[in-house]
Amino acid sequence: MLILLILCSLVVHSHTATELLQNADFEQDISGHWHCNGCTVTKSSTHYHGNYSAMVTHRKANWAGLQQTLSVTGGKTYVYRGYIKVLNTLSGHMYHTMDLMARMSVNGSL
């Protein structure tokens, strides 16, 4: 499946939202903050906001996709938003399931 990530956002849920992801709208060089784990990522001019998005191709497994490492604080609520455009659909499927995976560590231990 070929997907296009249009815009991502991870913010601390509070009265004044603070963006935690670096280059969340993919306007800067993607390789600076984003890592494509088990896939290939390129910049695309298809966009929801701004001028660019990230196009993920050549996924080697269902879990393969973009990742970014960041620090969060326990006890706070975080909100993630993203716009995803599926560029090709699987034959015979009316919909696709997308998952957001998070791996957490405390003081460097998983």
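FYI, in mature numbering (1 follows the signal peptide of the UniProt record, and there is no 0) the residues of the sequence shown are -16 to -1, 1 to 94. All C-beta atoms, glycine included, are put in the ideal place defined by N, C-alpha and C. From a predicted model like this one, the values you see are computed outputs, not experimental measurements.
Run through DSSP, which three-state label would Ser15 get? helix
At least 3 beta-carbon pairs within less than 8 Å: the segment 35 to 50 vs the segment 8 to 20: yes
Going straight from the alpha carbon of Ser75 to that of Thr81, what length do you get? 15 Å
Nearest to Val40 by CA position, among Ala1, Ser89, Ser15, Gln6, is which residue? Ser15
Just the C-alpha distance for His31 and Thr53, rounded to the nearest angstrom, thanks. 24 Å
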